[in-house]
Structures are given as structure tokens and as C-alpha cells.
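For the protein sequence lines, the chains are P and R, in the order given.
Everything in the first sequence is counted per UniProt numbering, starting at 1 for the first residue and increasing by one.
Everything in the second sequence is counted per UniProt numbering, starting at 1 for the first residue and increasing by one.
Beta carbons are placed, not taken as given, at the ideal position from N, Cα and C, and that holds for glycine.
Working notes for the structure below.
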Amino acid sequence: MTRLKLEGISKHYGAIQALSAVSLSIAPGEVLGLMGDNGAGKSTLVKIIAGNFSPSSGEIRIDDRPVAFHSPRDAQREGIEVVYQDLALCDNLSAASNVFLGREPVRRVGPVAYVDYAEMNRVSARLFSRLKSETRPRDLVRRMSGGQRQAVAIARTLLSEPKIVMMDEPTAAISVRQVAEVLDVIRRLRDHGISVILISHRMPDVFAVSDRIAVLRRGELVANKKAANSSPEEVTGLITGAIQAA
Amino acid sequence: MTTVDDVISTSEHKNWFSRITSLQSFWVFMAAIVACLALTFLTDSFASERNLFNVARNFAFVAIIAIGMTAVIASGGIDLSVGSSVVLSAMVISITMAAGSPFWLAAALALGASLLVGLLNGLLVAYAGMPAFVVTLGTLSAARSLAMVLSDNKMIWEFGPDHNVLLWVGGGSTLGVPHPLFVLTALAVLMSCIFRWTRWGQHLFAIGGNENAALLTGIPVRRMKVSIYMFSAFTAGLAGILMAGWLGSVTTNLGQGMELTVIAAAVIGGANLAGGEGSALGAVVGALLIEVIRNSLILLGISTFWQGMFIGTFIVVAVAFDRVRHFRS
Ligand SMILES: Nc1ncnc2c1ncn2[C@@H]1O[C@H](COP(=O)(O)OP(=O)(O)OP(=O)(O)O)[C@@H](O)[C@H]1O
Ligand SMILES: [Mg+2]
Numbered sequence: 001m002t003r004l005k006l007e008g009i010s011k012h013y014g015a016i017q018a019l020s021a022v023s024l025s026i027a028p029g030e031v032l033g034l035m036g037d038n039g040a041g042k043s044t045l046v047k048i049i050a051g052n053f054s055p056s057s058g059e060i061r062i063d064d065r066p067v068a069f070h071s072p073r074d075a076q077r078e079g080i081e082v083v084y085q086d087l088a089l090c091d092n093l094s095a096a097s098n099v100f101l102g103r104e105p106v107r108r109v110g111p112v113a114y115v116d117y118a119e120m121n122r123v124s125a126r127l128f129s130r131l132k133s134e135t136r137p138r139d140l141v142r143r144m145s146g147g148q149r150q151a152v153a154i155a156r157t158l159l160s161e162p163k164i165v166m167m168d169e170p171t172a173a174i175s176v177r178q179v180a181e182v183l184d185v186i187r188r189l190r191d192h193g194i195s196v197i198l199i200s201h202r203m204p205d206v207f208a209v210s211d212r213i214a215v216l217r218r219g220e221l222v223a224n225k226k227a228a229n230s231s232p233e234e235v236t237g238l239i240t241g242a243i244q245a246a
Numbered sequence: 001m002t003t004v005d006d007v008i009s010t011s012e013h014k015n016w017f018s019r020i021t022s023l024q025s026f027w028v029f030m031a032a033i034v035a036c037l038a039l040t041f042l043t044d045s046f047a048s049e050r051n052l053f054n055v056a057r058n059f060a061f062v063a064i065i066a067i068g069m070t071a072v073i074a075s076g077g078i079d080l081s082v083g084s085s086v087v088l089s090a091m092v093i094s095i096t097m098a099a100g101s102p103f104w105l106a107a108a109l110a111l112g113a114s115l116l117v118g119l120l121n122g123l124l125v126a127y128a129g130m131p132a133f134v135v136t137l138g139t140l141s142a143a144r145s146l147a148m149v150l151s152d153n154k155m156i157w158e159f160g161p162d163h164n165v166l167l168w169v170g171g172g173s174t175l176g177v178p179h180p181l182f183v184l185t186a187l188a189v190l191m192s193c194i195f196r197w198t199r200w201g202q203h204l205f206a207i208g209g210n211e212n213a214a215l216l217t218g219i220p221v222r223r224m225k226v227s228i229y230m231f232s233a234f235t236a237g238l239a240g241i242l243m244a245g246w247l248g249s250v251t252t253n254l255g256q257g258m259e260l261t262v263i264a265a266a267v268i269g270g271a272n273l274a275g276g277e278g279s280a281l282g283a284v285v286g287a288l289l290i291e292v293i294r295n296s297l298i299l300l301g302i303s304t305f306w307q308g309m310f311i312g313t314f315i316v317v318a319v320a321f322d323r324v325r326h327f328r329s
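This is the structure in C-alpha cells:
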């Protein structure tokens with residue numbers, strides 16, 4: 001069974017061809033390292049899978065079923081979760097509110113439904129401790145360190161039982177200890193049979209956790225191979241174009 | 001070893017005192033109280049029942065709309081069309097009542113007219129992606145013009161069979177409290193709860209804090225924006241009905257320039273023009289301060305030309321206060 005299968009995904013923004021006919025598949029519990037230069041189309045691919053944009057052409061299949069997402073909620077319902085490149089946090093809200101952004105639980109008393117902050121705090125606190133992060137659910141995100149903000153964005157993906165977690169540069173701008181923590185999270189997700197797509201410019205991180213490496217160059221998929229059969233040198237060559245394809 | 005419960009209960013807010021004193025609306029409220037006390041000593045007329053009644057009623061109109069404006073500002077937008085929605089609503093209710101329709105029907109039509117203005121604002125901002133400033137500047141002009149066309153620019157002071165009902169609703173009082181103040185109190189309590197305890201409120205502040213994040217996490221940003229502009233227009237329509245009853249006559253310059261006072265009230269009360277912050281209580285307190293200043297200038301015999309200077313100063317001070325607070329944290 002393939003968890004996620006992309007067939008001929010293309011996307012253009014006006015005249016800019018961000019992705020051209022990308023085909024890719026991921027098995028359950030597989031970690032895919034997605035690499036490429038700035039502007040290669042990585043974030044665009046993530047946003048298409050996450051339901052933020054629809055592709056100009058191509059098909060997405062989940063568990064061998066074709067799906068069409070019209071909003072991020074559709075993708076979430078299919079078990080797709082994302083850590084966005086800019087983390088997508090609201091500075092003016094608490095950590096717990098950010099974890100539940102768009103999915104706030106409500107309690108009903110007769111005709112009134114109100115947001116269940118107690119539940120949000122409880123669940124977020126549990127997720128933060130699972131991530132070994134010193135993040136307090138009720139603190140405002142505005143006052144948080146880079147690592148804590150990252151933890152909030154990652155905690156969001158663990159809220160439901162995800163099938164696929166995509167992380168767009170989750171290790172940029174955090175400390176060595178926290179990078180190790182994030183890589184640990186990725187391994188634990190994998191052990192639970194969750195597929196992970198990791199986007200990073202940091203070669204050692206990608207090689208540390210990935211089963212497979214895919215490389216995008218100017219919107220085209222130029223490599224998709226087992227990490228064990230590749231090397232940082234080869235991937236660097238593929239990214240820059242020194243090696244055409246592998 | 002700290003448990004999950006410990007983590008939840010630890011919060012940066014130390015105690016209720018430091019929490020309250022960190023609120024801008026608290027200090028604005030204090031300023032209004034100080035001004036009231038000073039006026040009580042400096043003038044004979046301030047603390048008179050008649051004057052307090054007038055202050056309470058006058059500030060209610062601005063405060064009602066300021067609550068709607070706070071919703072728009074907290075979501076990162078602006079609504080310049082509220083003054084025109086006021087006159088459109090007042091004109092629709094007075095014309096339909098003069099034509100013989102009962103109060104409730106006319107009031108519903110008036111609110112409907114202002115909601116249409118809000119709907120137009122919301123659609124153009126959310127779906128056409130036009131800047132709120134420009135869109136609402138357009139409807140500011142268009143809605144007032146429509147009111148002029150409807151009334152043929154004449155004053156209306158006879159409201160048909162339910163004439164007295166309208167005057168009672170807008171100008172009457174119960175237990176010594178003017179009716180607009182009841183409306184304001186109900187609206188302020190309701191909206192405080194809605195801002196804090198509903199998903200609509202959460203999403204509103206999320207959009208104001210980071211619209212892109214709201215979009216990416218699947219919050220229906222466009223629909224939210226339409227509803228927010230409609231809510232703002234609704235408060236303006238409500239105020240229009242009350243003002244028509246209070247004044248006993250409606251002319252086409254009703255509510256002219258009101259948007260600036262309303263925005264000032266919201267901002268003084270802690271609404272952040274960059275989005276993401278604001279409260280219903282703050283809007284009320286901001287409107288109160290503005291009315292107390294206006295009233296004090298009149299009572300102290302100072303030319304009302306100075307009013308703008310004071311309000312302007314308070315706006316700048318309020319924003320400076322906000323800057324200092326953010327700088328410290
Ligand atoms: N919303 C948009 N509108 C127009 N063009 C866009 C948009 N988003 C991305 N692009 C373009 O699409 C191309 C791919 O961008 P994308 O963000 O996917 O790159 P990336 O691989 O994530 O780069 P980085 O490593 O810098 O994050 C770029 O040329 C970019 O300019
Ligand atoms: Mg990117």
C-alpha cells in the first residue's frame with residue numbers, strides 16, 4: 001500500500017512554473033527527505049498536499065484513493081498535518097490556542113456552545129511534555145523563544161492521529177539540542193507508522209532520519225532514491241545541477 | 001518533577017492586580033474617573049442628574065458602534081463607512097415609519113439596509129481582496145448619498161402611527177437610565193462573551209494576529225471577514241435607529257464624521273490598528289472618556305474647538321502607552 005501517491009503534479013503561478021509533473025510516492029512509516037535550492041518548489045508541493053492550493057494538473061492519492069482537497073480542513077480530515085515554513089503562528093494568542101487553531105473544541109450547555117479552554121490547555125500541556133518542551137500552554141506565543149514556537153507548530157500536527165506529517169524546515173533557527181529533539185520526534189512518528197516528509201537545507205539532519213531522498217530542481221523532480229544509496233555529495237550535486245539526475 | 005497540572009496553572013500573569021494594571025482600558029477608565037471627579041469639584045453642573053443622564057446617553061451611541069469597530073480593527077481591518085450606515089439606517093426607519101409601517105418592521109428594514117452595506121464591504125474586502133480603507137471609503141460616500149436620495153435631502157420629523165414608540169426607544173428612559181445605555185450594556189456583555197468564548201471570537205483575533213496562519217490552518221477567513229463587516233454595520237444601524245428616536249428628527253448630516261470618533265474610542269480603548277487586539281469593554285471605556293472630555297469642555301466654558309486637540313492627544317497617548325508596554329515585554 002502506498003500512503004501518499006502524487007501523479008504528474010504541476011503548479012504554475014501565472015507565468016511562473018513552480019512545479020512540473022512531479023510524481024512521488026511514500027509508504028506508511030517512511031521518512032522522505034525533500035531537498036532543493038531556494039525557490040525549487042518545495043513549499044509549493046507541501047501546500048498542494050496540505051490543501052492550501054489546488055494543483056494546476058495532476059492527481060493526489062491517499063491509501064490508493066484519489067482525493068481532491070478544497071481547503072486545509074479537507075486535508076486534515078485525511079490525516080495530513082503540516083509544520084509550515086514560517087510556522088503559521090498567531091503571536092497574539094496563547095500556545096494552546098495556536099495548537100488548536102481552526103479546530104477549537106467546544107462544549108455545549110443547552111443552546112450555547114463555548115470554547116473549551118480547559119481541554120485545550122490540558123491536551124497542549126500533554127503534547128508539549130511529549131515533545132520534551134518547556135512550553136506553557138497559556139503563555140502568549142509573542143513572548144516565546146524560537147524553539148518553543150517550533151514546539152507549538154509541531155504539537156499542532158500531533159493533535160489528531162495523523163497519517164502524514166510534513167515539516168517545512170522544522171530545524172531552521174533552533175539550537176543543536178532542539179534539533180536533536182525534532183529528529184527524535186520524526187523517528188517516533190515513523191515508529192508509529194506515520195509517514196513524514198522532511199524539508200530541510202541541513203544535509204546532516206536529512207540524512208540522519210530519512211529513508212529516502214527526493215530532490216527538486218526548478219520545479220522538477222531530479223532524484224528519488226534510497227538514502228542509503230546516496231550521499232551528501234551526490235545530493236549537493238543534484239541540488240545545484242552539477243549532477244543532472246539520479 | 002512537575003506535573004501537567006502544574007504546567008497549566010503556571011502562567012505569566014502573576015496576580016489579578018498586575019493583570020488589571022497591564023490593561024490599557026483600566027488606565028483609560030481611571031483617566032475618565034479622575035476627569036469626572038475633577039469636574040464634580042470644579043463645576044456645579046457636572047454631577048447634576050440631568051447632565052449625567054445626557055453624558056450617559058450621548059456616549060452610548062459612540063460606544064455601541066465602537067464595539068463593532070473594535071471587531072473590525074481587531075481582525076486587522078478598518079470600517080470608515082459606519083457614519084454613513086448610521087444615517088442610512090435612520091433614514092430608512094424614518095421614511096418607512098412615516099409611510100405608515102409599524103416600528104418593528106421599519107427597524108428590521110433599517111437594520112437590513114445597514115447590513116447590506118456591511119455585506120458589500122465584506123464581499124469587496126474578503127473576496128475581491130481590496131483594501132478595507134478604500135472599500136469603506138467608497139461605501140462611506142455611497143451610503144450617505146443613498147440616504148440623501150431616499151429622503152430627497154429633507155428633514156423627517158413625523159414617524160407615522162408608531163411615532164411615540166420610536167421616541168420612547170431612542171429617547172426614553174426606564175428607572176432613570178436612558179434606553180440606549182441598556183442596549184449598550186447588553187451588547188457589551190454579549191460581545192465580551194462572544195469575543196472570548198466562541199470560535200468566531202477566537203478566529204477573529206487569529207485573523208488579526210496572522211491572517212496567513214489563519215488561512216493555512218483552514219479558518220474560513222473570507223466568510224469571517226464578511227461577518228465581521230456585517231457586525232460593524234449592524235452596530236451602526238442599531239445606533240442609527242436609537243439616534244433617530246433620541247433626536248426626534250432625521251437629517252442627512254446625521255452621523256457625519258462619526259467614524260473618526262468611533263475609531264478614536266476603539267483605539268483609546270486598546271484596539272490595535274495592526275490587528276489582533278481589542279475588547280468590547282475597552283471600546284466602551286474609550287467612548288466614555290471621549291464624551292467626558294467633550295462634556296467637560298462645554299461645562300468649563302472652553303471653546304469646543306479644543307475638543308479635537310484633546311481627543312487627538314489621547315489617541316497618541318494611548319498608542320504610546322501600547323508601544324511602551326510592548327517594548328518592556
Ligand atoms: N503565492 C505565490 N505566488 C506566486 N509565485 C509564488 C508563490 N509562492 C511561490 N511562488 C514561486 O514559486 C516558486 C517556488 O517557490 P517555493 O516557495 O515552493 O520554493 P521553496 O523550494 O520552498 O524555496 P525555499 O527553500 O526558499 O523555501 C518560486 O519561484 C516562487 O517565487
Ligand atoms: Mg520553502
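Using only CA atoms, which one of P:58, P:181 and P:230 lies nearest to residue 247 of chain P?
The first residue shown for chain P is 1 and the last is 246, placing residue 247 of chain P beyond what the model contains.
Span of the beta strand (DSSP E) holding residue 8 of chain P?
Start at 1 with the first residue of the first sequence, and residue 8 of chain P comes out as number 8. Segment 4-13, the beta strand (DSSP E) holding residue 8 of chain P.
Name, please, each residue of chain R whose Cβ falls closer than 9 Å to the Cβ of residue 43 of chain P.
Here residue 43 of chain P is taken as the residue at index 43 of the first sequence, counted from 1. Ordered by position in chain R, no residue passes the 9 Å Cβ test against residue 43 of chain P, which lies about 11 Å from the chain.
Would you list, in chain order, the members of the segment 85-111 of chain P that have their beta-carbon closer than 7 Å to a beta-carbon of chain R?
For the segment 85-111 of chain P, which is checked against every Cβ of chain R, the residues closer than 7 Å are 88, 89, 90, 91, 92, 93, 97, 101, 102, 104 and 106.
Can you give me the Cβ contacts of residue 155 of chain P inside the same chain, cut-off strictly under 7 Å, excluding the 5 residues immediately before and after it?
As a first step, residue 155 of chain P is located in the first sequence; it is residue number 155 there, counting from the start. Around residue 155 of chain P: 99, 124, 127, 128 and 131.
Going by CA-CA distance only, name the one from R:16, R:26 and R:181 that's closest to residue 318 of chain R.
To locate residue 318 of chain R, count along the second sequence from 1; it is residue 318. Checking every option, the nearest Cα to that of residue 318 of chain R belongs to R:26.
Does any residue of chain R have a CB that is nearer than 7 Å to the CB of residue 13 of chain P?
Here the question's residue 13 of chain P lines up with position 13 in the first sequence. No, its Cβ sits nowhere closer than 7 Å to a Cβ of chain R.
Smallest Cα separation from residue 138 of chain P: which of P:25, P:110, P:93 and P:104?
For this step, residue 138 of chain P is matched to residue 138 along the first sequence. The shortest Cα separation from residue 138 of chain P among P:25, P:110, P:93 and P:104 belongs to P:93.
Hey, which unbroken runs of the alpha helix (DSSP H) at 4 residues or more fall wholly within the segment 146-180 of chain R?
Listed in chain order, they are 163-171.
Under 7 Å, do residue 83 of chain P and residue 153 of chain P count as touching if we go by C-beta distance?
The residue given as residue 83 of chain P occupies position 83 in the first sequence. The residue given as residue 153 of chain P occupies position 153 in the first sequence. Yes, these two residues count as a Cβ contact at 7 Å.
Name the two residues that bound the continuous beta strand (DSSP E) containing residue 84 of chain R.
Taking the first residue of the second sequence as 1, we reach residue 84 of chain R at position 84. Note, residue 84 of chain R: premise wrong, no beta strand (DSSP E); alpha helix (DSSP H) at 82-98.
Suppose contacts are defined by Cβ-Cβ distances below 7 Å. Is residue 72 of chain P in contact with residue 50 of chain P by that definition?
The residue given as residue 72 of chain P occupies position 72 in the first sequence. The residue given as residue 50 of chain P occupies position 50 in the first sequence. Going by C-beta atoms, residue 72 of chain P is nearer than 7 Å to residue 50 of chain P.
How many Å lie between residue 108 of chain R and residue 241 of chain R at the Cα?
Here residue 108 of chain R corresponds to residue number 108 of the second sequence, with the count starting at 1. Here residue 241 of chain R corresponds to residue number 241 of the second sequence, with the count starting at 1. C-alpha separation (whole angstroms): 10 Å.
Under DSSP, the alpha helix (DSSP H) around residue 285 of chain R begins and ends at which residues?
Taking the first residue of the second sequence as position 1, residue 285 of chain R is located at position 285. Counting along the chain, the alpha helix (DSSP H) containing residue 285 of chain R begins and ends at 280-299.
Does the Cβ of residue 3 of chain P have 16 or more other Cβ atoms within 10 Å, making it buried, or fewer, making it exposed?
Counted from its first residue, the first sequence places residue 3 of chain P at position 3. The residue in question, residue 3 of chain P, is buried, as its Cβ has 16 or more Cβ neighbours within 10 Å.
Check residue 1 of chain R in the structure and name its three-state DSSP category.
Position 1 of the second sequence, counted from the start, is the residue given in the question as residue 1 of chain R. At residue 1 of chain R, the pLDDT of 43 sits below 50, so the modelled position is not reliable; the number obtained from the coordinates is stated separately. Three-state DSSP puts residue 1 of chain R in coil, outside helix and strand.
Tell me the residue span of the beta strand (DSSP E) that contains residue 225 of chain P.
The sequence position of residue 225 of chain P within the first sequence is 225, counting from 1. Its beta strand (DSSP E) spans residues 220-226.
For residue 145 of chain P and residue 174 of chain P, I'd like the C-alpha separation in whole angstroms.
Counting from one through the first sequence, the residue named residue 145 of chain P turns up at place 145. Counting from one through the first sequence, the residue named residue 174 of chain P turns up at place 174. In a straight line, the C-alpha of residue 145 of chain P is about 9 Å away from that of residue 174 of chain P.
What runs of the alpha helix (DSSP H), each 4 residues or longer, lie entirely inside the segment 130-163 of chain P?
You should have 146-157.
Name the chain P residues whose beta carbon is nearer than 7 Å to that of residue 202 of chain R?
Within the second sequence, the letter at position 202 stands for residue 202 of chain R. Neighbours of residue 202 of chain R on chain P, chain order: 97, 104 and 115.
Step through the CB atoms of chain R and report whether any lies within less than 7 Å of the CB of residue 55 of chain P.
Stepping through the first sequence from its first residue, residue 55 of chain P is reached at position 55. False, the Cβ-Cβ gap to chain R never drops below 7 Å.
Between P:110, P:90 and P:108, which lies nearest to residue 102 of chain P when the distance is taken from Cα to Cα?
Locating residue 102 of chain P in the first sequence gives position 102, counting from the first residue. Of the candidates P:110, P:90 and P:108, the one whose C-alpha sits nearest the C-alpha of residue 102 of chain P is P:90.
Which same chain residues, not among the five before or five after residue 127 of chain R, have their C-beta less than 7 Å away from its C-beta?
Here residue 127 of chain R refers to the residue found at position 127 when the second sequence is read from its first residue. Cβ neighbours of residue 127 of chain R beyond the five flanking positions: 222.
Do you know how far the Cα of residue 125 of chain R is from the Cα of residue 275 of chain R?
Indexing the second sequence from 1 puts residue 275 of chain R at position 275. Indexing the second sequence from 1 puts residue 125 of chain R at position 125. For residue 275 of chain R and residue 125 of chain R, the distance between alpha carbons rounds to 15 Å.
Can you find a heavy atom of ligand 2 that lies under 6 Å from the Cβ of residue 225 of chain P?
Mapped onto the first sequence, residue 225 of chain P falls at position 225. Result no, Cβ not under 6 Å from ligand 2.
Go through the residues and name those whose CB comes closer than 6 Å to any heavy atom of ligand 1, in chain order.
Matched residues: P:13, P:16, P:18, P:36, P:38, P:39, P:40, P:41, P:42, P:43, P:44 and P:85.
Here's the rule: buried if 16 or more other CB atoms are within 10 angstroms of the residue's CB, otherwise exposed. What is residue 246 of chain R?
Within the second sequence, numbered from 1, the residue matching residue 246 of chain R stands at position 246. Under this definition residue 246 of chain R is a buried residue.
Determine which residues of the segment 62-77 of chain P have a Cβ less than 7 Å from any Cβ of chain R, and write them out in chain order.
Answer set for the segment 62-77 of chain P: 71, 72, 73 and 76.
Suppose only complete runs of 4+ residues qualify. What are the alpha helix (DSSP H) ranges in the segment 177-238 of chain R, listed by chain order?
Runs of the alpha helix (DSSP H) inside the segment 177-238 of chain R: 179-197, 199-209 and 211-216.
Check each residue of the segment 179-210 of chain R: if its Cβ is closer than 9 Å to any Cβ of chain P, include it; give the result in chain order.
Going along the segment 179-210 of chain R in chain order, one finds 193, 196, 197, 198, 199, 201, 202, 203, 205, 206, 207, 208, 209 and 210 with a Cβ nearer than 9 Å to chain P.
I want to verify the contact list: residues of chain P whose CB lies under 7 Å from the CB of residue 217 of chain R, in sequence order.
Residue 217 of chain R sits at position 217 when you count from the first residue of the second sequence. Under the 7 Å cutoff, chain P gives 72, 88, 101 and 102.
Report back the beta-carbon spacing between residue 85 of chain P and residue 43 of chain P to the nearest angstrom; my notes put them in contact at under 8 Å.
As a position in the first sequence, residue 85 of chain P is number 85, starting the count at 1. As a position in the first sequence, residue 43 of chain P is number 43, starting the count at 1. Right, the Cβ-Cβ distance comes to about 5 Å (below 8 Å), so this counts as a contact.
Please check the pair residue 214 of chain P and residue 24 of chain P, which I expect to be a contact at CB under 8 Å, by giving their CB distance rounded to whole angstroms.
Your numbering for residue 214 of chain P matches position 214 in the first sequence. Your numbering for residue 24 of chain P matches position 24 in the first sequence. Between residue 24 of chain P and residue 214 of chain P the Cβ distance is about 6 Å, and since that is below 8 Å, they are a contact.
Do you know whose CA, among R:227, R:89, R:272 and R:313, lies nearest residue 203 of chain R's CA?
As a first step, residue 203 of chain R must be located in the second sequence, where it is residue number 203. Of the candidates R:227, R:89, R:272 and R:313, the one whose C-alpha sits nearest the C-alpha of residue 203 of chain R is R:227.
Exposed or buried, which one is residue 256 of chain R when buried takes at least 16 other CB atoms within 10 Å?
Taking the first residue of the second sequence as position 1, residue 256 of chain R is located at position 256. Burial call: exposed.
Is it the case that the segment 283-298 of chain R contacts the segment 34-45 of chain R, given that we only count it when at least three CB pairs across the two stretches are under 8 Å?
Counting Cβ pairs under 8 Å, three or more are found: they touch.
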